[in-house]
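Step one of this worksheet: look at the structure below.
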Amino acid sequence: STSSPAADGSPAANPDADQPASVEAPTVVPEKAPEPKPEPVIPETVSADSRARFEAAVQQMVSDPSQALETFTALGKTNPEFHLANLNAAVLLDRKGDVDGAKDAYRRALEVHPNDPTAVHGLVGILLRQGETQSAEKLLDQTLVEKPDAWLLKAVRAQVWAQAGRFPEAKD
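Spelled out as structure tokens, the structure:
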């Protein structure tokens, strides 16, 4: 004979069965590790005035890049922990052809956030354009040890290997 489900929807015990109904132990769900809090885009130590100047400079990056660069450079000097000011200054310096200034600004950004994929990508791009392939590979490899899931940097590393003719490595 087949037993009918119990009122709660679970299978009912079969009174004709030779075996007692099995009781399942409650499932234990391990506690999920707390999600890491993302770092604030603008450090809390940056004043409200500096934050407003930064936001205005972001808006000026296209319309008035010279003014934006001046603002980002000043903010980076007065707030060394403000890596985005240095990062944006690096982008603008590179666009205007000041490669050495851009390298310095990327390095200042990386002093605060050593594994920032955007800063690493920008600096690697400059190093590659200057023929400093080994320095670029070293920076990529060091960063990927700390950030193994940084897909952008993995793609750049594969491109570097391909340009160097190291195709077996590039396809991995």
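For what it's worth, the working numbering labels the leading residue of the sequence shown as 6, then goes sequentially.
Glycine residues also receive a C-beta, built at the ideal position from the N, C-alpha and C atoms.
Since the model is a prediction, treat every value here as computed from it, not as a measurement.
Item to check | Helix, strand or coil at residue 70 according to DSSP, with G and I counted as helix | outcome: Translated into the one-based positions of the sequence shown, residue 70 becomes position 65. Three-state DSSP puts residue 70 in a helix.
Checklist entry - Looking at the structure shown, is residue 136 part of a helix, part of a strand, or coil, going by DSSP? => result Mapped onto the sequence shown, residue 136 falls at position 131. Correct three-state label for residue 136: coil.
Item to check | Closest residue to residue 57 among 68, 71, 146 and 76 (Cα-Cα distance) | outcome: Counting from 1 along the sequence shown, the entry for residue 57 is found at position 52. Measuring from the Cα of residue 57, the nearest candidate turns out to be 76.
Checklist entry - Secondary structure at residue 131, three-state DSSP: helix, strand or coil? => result Taking the sequence shown and counting its residues from 1, one reaches residue 131 at position 126. Looking at residue 131 - three-state DSSP - the assignment turns out to be helix.
Checklist entry - Near residue 129, which residues of its chain fall below 7 Å by C-beta distance, leaving aside the five closest residues on each side in sequence? => result Translated into the one-based positions of the sequence shown, residue 129 becomes position 124. Within the same chain, residue 129 has close Cβ partners 141, 144, 145 and 161.
Checklist entry - Around the C-beta of residue 53, are 16 or more other C-beta atoms found within 10 angstroms, so that it is buried, or is it exposed? => result For this step, residue 53 is matched to residue 48 along the sequence shown. Burial call: exposed.
Next on the checklist: Rounded to the nearest angstrom, what separates residue 106 and residue 48 at their Cα positions?
Outcome noted: Against the sequence shown, residue 106 aligns to sequence position 101. Against the sequence shown, residue 48 aligns to sequence position 43. One C-alpha to the other measures close to 23 Å.
Item to check | Assigned exposure category for residue 166 - 16 Cβ within 10 Å defines buried | outcome: The residue labelled residue 166 in the question sits at position 161 within the sequence shown. Looking at its Cβ environment, which holds 16 or more other Cβ atoms inside 10 Å, residue 166 is buried.
Checklist entry - Using the C-alpha atoms, what's the distance from residue 118 back to residue 42? => result For this step, residue 42 is matched to residue 37 along the sequence shown. For this step, residue 118 is matched to residue 113 along the sequence shown. At residue 42, the pLDDT of 47 sits below 50, so the modelled position is not reliable; the number obtained from the coordinates is stated separately. Taking the straight line joining both Cα atoms gives about 15 Å.
Next on the checklist: Measuring alpha carbon to alpha carbon, tell me which residue in 148, 136 and 139 is nearest residue 126.
Outcome noted: Locating residue 126 in the sequence shown gives position 121, counting from the first residue. Comparing Cα positions, the closest option is 148.
Item to check | Assigned exposure category for residue 83 - 16 Cβ within 10 Å defines buried | outcome: Residue 83 sits at position 78 when you count from the first residue of the sequence shown. Result: exposed.
Checklist entry - Does DSSP put residue 91 in a helix, in a strand, or in coil? => result Residue 91 sits at position 86 when you count from the first residue of the sequence shown. Of the three classes helix, strand and coil, the one that applies to residue 91 here is helix, per DSSP.
Item to check | Contacting residues, own chain, Cβ-Cβ under 7 Å from residue 88 (five flanking each side not counted) | outcome: Mapped onto the sequence shown, residue 88 falls at position 83. Within the same chain, residue 88 has close Cβ partners 114, 117, 118 and 121.
Next on the checklist: Which residue marks the beginning of the alpha helix (DSSP H) containing residue 161, and which one marks its end?
Outcome noted: One-based indexing of the sequence shown puts residue 161 at position 156. That run of the alpha helix (DSSP H) goes 156-168.
Next on the checklist: For residue 86 and residue 136, I'd like the C-alpha separation in whole angstroms.
Outcome noted: Position 81 of the sequence shown, counted from the start, is the residue given in the question as residue 86. Position 131 of the sequence shown, counted from the start, is the residue given in the question as residue 136. Using only the alpha carbons, I get a separation of about 30 Å.
Item to check | Under the three-state DSSP convention, the category residue 153 falls into | outcome: What you label residue 153 is simply residue 148 of the sequence shown in a count that begins at 1. If DSSP states are grouped into helix, strand and coil, residue 153 belongs with coil.
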